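The sequence shown begins at 781 in my numbering and counts up one residue at a time. Note that CB positions come from ideal geometry on N, CA and C, so glycine has one too. A quick note: this is a predicted structure, and the numbers were derived from the prediction, not measured.
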Amino acid sequence: MSMFCYQCQEAAKGTGCQVRGVCGKNEEVAKLQDLLIYVSKGISEIVVKGKLEVKSISEVNHQVIKSLFITITNANFDDNAIEREIIKTIGLRNELKGQVSNITFGDAAEFEVTDRASMLEKASKVGVLSTENEDIRSLREMIIYGLKGMAAYTHHALNIGKEDLDIYAFIYEALASTLDDSLSADDLVALTLKTGEFGVKALALLDDANTSKYGNPEITNVNIGVRNNPGILISGHDLTDLEQLLEQTKGTGVDVYTHCEMLPAHYYPVFKKYENFAGNYGGSWWQQLTEFETFNGPILFTTNCIVPPRSEEIRKRIFTSGASGYPGCIHITPDENGKKDFSEVIEMAKQCKPPTEIESGSIVGGFAHNQVFTLADKVVDAVKSGAIKKFFVMAGCDGRMKSREYYTEFAENLPKDTVILTAGCAKYRYNKLNLGDIGGIPRVLDAGQCNDSYSLVVIALKLKEIFGLEDVNELPIAYNIAWYEQKAVIVLLALLSLGVKNIHLGPTLPAFLSPNVAKVLVEKFGIAGVGQIDDDIKLFMGA
Ligand code: SF4
Ligand code: SF3
781 MSMFCYQCQE AAKGTGCQVR GVCGKNEEVA KLQDLLIYVS KGISEIVVKG KLEVKSISEV
841 NHQVIKSLFI TITNANFDDN AIEREIIKTI GLRNELKGQV SNITFGDAAE FEVTDRASML
901 EKASKVGVLS TENEDIRSLR EMIIYGLKGM AAYTHHALNI GKEDLDIYAF IYEALASTLD
961 DSLSADDLVA LTLKTGEFGV KALALLDDAN TSKYGNPEIT NVNIGVRNNP GILISGHDLT
1021 DLEQLLEQTK GTGVDVYTHC EMLPAHYYPV FKKYENFAGN YGGSWWQQLT EFETFNGPIL
1081 FTTNCIVPPR SEEIRKRIFT SGASGYPGCI HITPDENGKK DFSEVIEMAK QCKPPTEIES
1141 GSIVGGFAHN QVFTLADKVV DAVKSGAIKK FFVMAGCDGR MKSREYYTEF AENLPKDTVI
1201 LTAGCAKYRY NKLNLGDIGG IPRVLDAGQC NDSYSLVVIA LKLKEIFGLE DVNELPIAYN
1261 IAWYEQKAVI VLLALLSLGV KNIHLGPTLP AFLSPNVAKV LVEKFGIAGV GQIDDDIKLF
1321 MGA
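Given below as structure tokens:
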């Protein structure tokens, strides 16, 4: 076995990728990612045992969240970039050690590597399978994947200038705990739930960062056709990159289109003022292989999900920033003030043909908490009158497996008196279907990106209050969540920590759940997979 990774829903054979990732990650990248996580654990051990004050080590805080983010599925395939982060993190780790004395640390805090070969050799001893007990391994990895999602959201908030030191302190505590052989499975189950609690904090932090900077999302029709100017396609989740790109393209004759998880940017008032913010191009991340061909212009990835491009021509048009990276693609780094220079992307766009139209019309979204609260009376009346029988939270990720057709068919077959609440790229399975509305309320309410699943929680808690219920599970809301990468893991853990029960997770349960850990989730939280559409709908509707 040359590598082992089972962090995403596409893990080979439902157990783990062992030669090359289904995502396209090769052995070297997989191993370097393992080592980056390992050295981040080492730093965490020093911070925790050395009782270092989180507020006095901000460079380390930022490095650790960036490192976690880089290892998220489909974020960074660039071995050289990951190697640079390992070297940087080891340097920071060694400086930190200089601040403490008389403490013995483990190998993660002490090991040294000299070159790529020694990195790969070390990595092969410290990866996922280095934990022998399968239940401990399962819990450790679930915590780490939750932390990766948490770090991604925290990183976006940081880019907007918002931080919560308690989140960093928790990340250190949790990462250090994954090295601690004295912790039992019960201890790690408790830590998993605590990870969910901090997940809620991270989601709230990012929500506050986004809405305080860009305004509250509002109902918006987003054009899915094209204009006649050349365009830049921006993908991923980072709104600060989008803001800078829109500023720099103003008046250049180059339009900006969103792709995949960047679609919800259109819902924010601040971005609406840009006349060259043209619309959304294409569908979910995995459709990029064909859609980038017809887009014709440059593509800027601010985060995941990158699919290895099929041709040199496309690769040359891909730029990356932040935690994302791809070998041979230009990576745009910020200056000391956080400013990124996108002139190379803009100049390339000017030389390219305008995008080829692949669809036309518009899609509606912007149903985040603030907007939904303004519609609260209407929604409550519809529930009381029986016009709306049930809400279905269908948030999360999309993926390329055929089994994901389940979600389209599920949405199509839901009774007409139900409403889908969505967030994340999972929405592309049903956001272009004509599912109609109930008394003017669309049957698919899109809150935004995967992190805006937070909005769905805030809405649920508000409805609980309005209806005077004791328990959020008494609401007429069912949860049928699709997952793919690690941000969905933190969203799931956040929902569990808020007491949400009976969540269905698909299209398959995570490979990283050992049978015993899966049993705990089933018994404690009623977690279940998905089955046949008709049976599932009957089950959800309580028939
Ligand atoms: Fe496999 Fe997913 Fe890991 Fe990629 S991220 S190597 S597809 S388990
Ligand atoms: Fe999608 Fe990659 Fe997860 Fe933000 S873009 S949800 S998969």
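**Item:** Contact test: Val802 Cβ vs ligand 1 heavy atom, cutoff 7 Å
**Value:** Yes, ligand 1 has a heavy atom inside 7 Å of this Cβ.
**Asked** Within the present structure, is the beta-carbon of Lys1267 separated from the nearest heavy atom of ligand 2 by less than 7 Å?
**Response** Answer for Lys1267: yes, Cβ within range of ligand 2.
**Ser836 versus Asn1076 - alpha carbon distance** = Counting only the Cα atoms, Asn1076 lies some 47 Å from Ser836.
**Request:** Examine the Cβ distances between the stretch 896–910 and the stretch 800–819 and report whether three or more of them are shorter than 8 Å.
**Result:** By the Cβ test, the stretch 896–910 is in contact with the stretch 800–819, since at least three Cβ pairs between them sit closer than 8 Å.
**Any non-hydrogen atom of ligand 1 within 7 Å of Thr853 CB** = For Thr853, the shortest separation between its Cβ and any heavy atom of ligand 1 lies below 7 Å.
**Item:** Three-state class that DSSP yields for Gly871 in the structure shown
**Value:** Collapsing the DSSP output to three states places Gly871 in a helix.
**Prompt:** Any idea if Asp1316 is buried or exposed, counting beta-carbon neighbours within 10 angstroms, 16 or more meaning buried?
**Reply:** Buried is the call here.
**Message:** For Ile1199, report the span of its beta strand (DSSP E) as first-last.
**Reply:** The sequence as given places Val at residue 1199; Ile does not occur at that position. Segment 1198–1202, the beta strand (DSSP E) holding Val1199.
**Sequence-distant residues of its chain with Cβ nearer than 8 Å to Glu1137 (five each side left out)** = Listed in chain order, the non-local C-beta contacts of Glu1137 below 8 Å within the same chain comprise Gly1005, Val1006, local neighbours out to five positions each way being set aside.
**Prompt:** Tyr1037 bridges to which residues according to DSSP?
**Reply:** According to DSSP, Tyr1037 bridges with Leu1013, Gly1059.
**Prompt:** If we ignore side chains and look at the alpha-carbon of each, how far apart do Thr1198 and Ser1064 end up?
**Reply:** Between the C-alpha atoms of Thr1198 and Ser1064 there is a straight-line separation of about 24 Å.
**Asked** When the Cα of Gly907 is compared with those of Gly1145, Cys797, Lys877, which residue comes out closest?
**Response** Comparing alpha carbon positions, the residue from Gly1145, Cys797, Lys877 closest to Gly907 is Cys797.
**Cβ neighbours of Ile853 in the same chain (closer than 6 Å, five flanking residues each side left out)** = It is Thr, not Ile, that sits at residue 853 in the sequence shown. These residues qualify, in order along the chain: Cys788, Cys803, Glu1265.
**Message:** Between Gly907 and ligand 1, is there a pair consisting of the residue's CB and a ligand heavy atom that are separated by less than 7 Å?
**Reply:** No, ligand 1 has no heavy atom inside 7 Å of this Cβ.
**Asked** Any heavy atom of ligand 2 closer than 7 Å to the CB of Gly979?
**Response** No, the beta carbon of Gly979 sits no closer than 7 Å to any heavy atom of ligand 2.
**Prompt:** Where do the N-terminal and C-terminal ends of the alpha helix (DSSP H) with Gly941 fall, by residue?
**Reply:** Segment: none, Gly941 is in no alpha helix (DSSP H) and carries neither H nor E.
**Segment limits, alpha helix (DSSP H) that includes Leu1335** = Since the displayed the chain opens at 781 and closes at 1323, residue 1335 lies outside it and no answer follows.
**Prompt:** Can you pull the DSSP bridge partners for Asp1217?
**Reply:** In DSSP, Asp1217 forms a bridge with Pro1222.
**Item:** Gly1311, buried or exposed, once every other Cβ within 10 Å from all chains shown has been counted against 16
**Value:** Exposed, because fewer than 16 other Cβ atoms sit within 10 Å of the Cβ of Gly1311.
**Message:** Considering only DSSP beta bridges, list what Leu955 is partnered with.
**Reply:** In the DSSP output, where bridge partners are listed per residue, Leu955 has none listed.
**Asked** How long is the line joining the alpha carbons of Ser957 and Leu963, rounded to whole angstroms?
**Response** Roughly 8 Å between the two C-alpha positions.
**Prompt:** Does any heavy atom of ligand 2 sit closer than 7 Å to the C-beta of Gln787?
**Reply:** Checking every heavy atom of ligand 2 against the Cβ of Gln787, none is found closer than 7 Å.
**Pairwise C-alpha distance: Ser1165 and Lys928** = The alpha-carbon of Lys928 is positioned some 43 Å away from that of Ser1165.
**Message:** Whole angstroms are fine: how far does the CA of Phe1153 sit from the CA of Lys1244?
**Reply:** Rounded to the nearest angstrom, the two C-alpha atoms are 13 Å apart.
**Asked** Which residue's Cα is closest to the Cα of Leu1326: Leu1201, Gly1105, Ile1239, Asp1232?
**Response** The question about residue 1326 has no answer here: the residues shown for the chain are numbered 781 through 1323.
**Request:** Report yes or no: do the stretch 876–888 and the stretch 822–837 share at least 3 C-beta pairs separated by less than 8 Å?
**Result:** Between the stretch 876–888 and the stretch 822–837 there are three or more inter-stretch CB-CB distances shorter than 8 Å, so the stretches are counted as touching.
**Message:** Within a Cβ cutoff of 6 Å, which residues of the same chain sit near Pro1049, ignoring the five residues on either side of it in sequence?
**Reply:** Correct list, in chain order: Gly995.
**Request:** Consult DSSP for Tyr1259 and reduce its assignment to one of helix, strand or coil.
**Result:** Look at Tyr1259 here: in three-state DSSP terms it is strand.
**Request:** Ignore the nearest five residues each way along the sequence and tell me which others in Ala937's own chain have a CB closer than 6 Å to its CB.
**Result:** Leu985, Leu986, Ala989, listed in sequence order.
**heavy atom of ligand 2 below 7 Å from Gly1216 C-beta** = With a cutoff of 7 Å, Gly1216 does not count as near ligand 2, since its C-beta is closer than that to no heavy atom of the ligand.
**Item:** Boundaries of the beta strand (DSSP E) in which Ser904 is found, first to last residue
**Value:** No beta strand (DSSP E) contains Ser904, which is instead part of the alpha helix (DSSP H) from 896–906.
**Request:** Please name the residue or residues paired with Gly1105 in a DSSP beta bridge.
**Result:** According to DSSP, Gly1105 bridges with Asn856.
**Message:** With distance defined between alpha-carbon atoms, name the residue in Val1271, Arg864, Met1128 nearest to Met1174.
**Reply:** For Met1174, the nearest C-alpha among the options comes from Val1271.
**Item:** Contact with chain B by Ala1206, beta-carbon distance below 8 Å
**Value:** In the structure shown, chain B cannot be found, because there is only a single protein chain.
**Prompt:** Less than 8 Å separating the beta-carbons of Lys1130 and Val1034?
**Reply:** Yes, the Cβ-Cβ distance between Lys1130 and Val1034 is below 8 Å.
**Message:** Pairs of beta-carbons, one from the stretch 1142–1149 and one from the stretch 1250–1261, closer than 8 Å: are there three or more?
**Reply:** No: the two stretches stay apart, fewer than three of their Cβ pairs being nearer than 8 Å.
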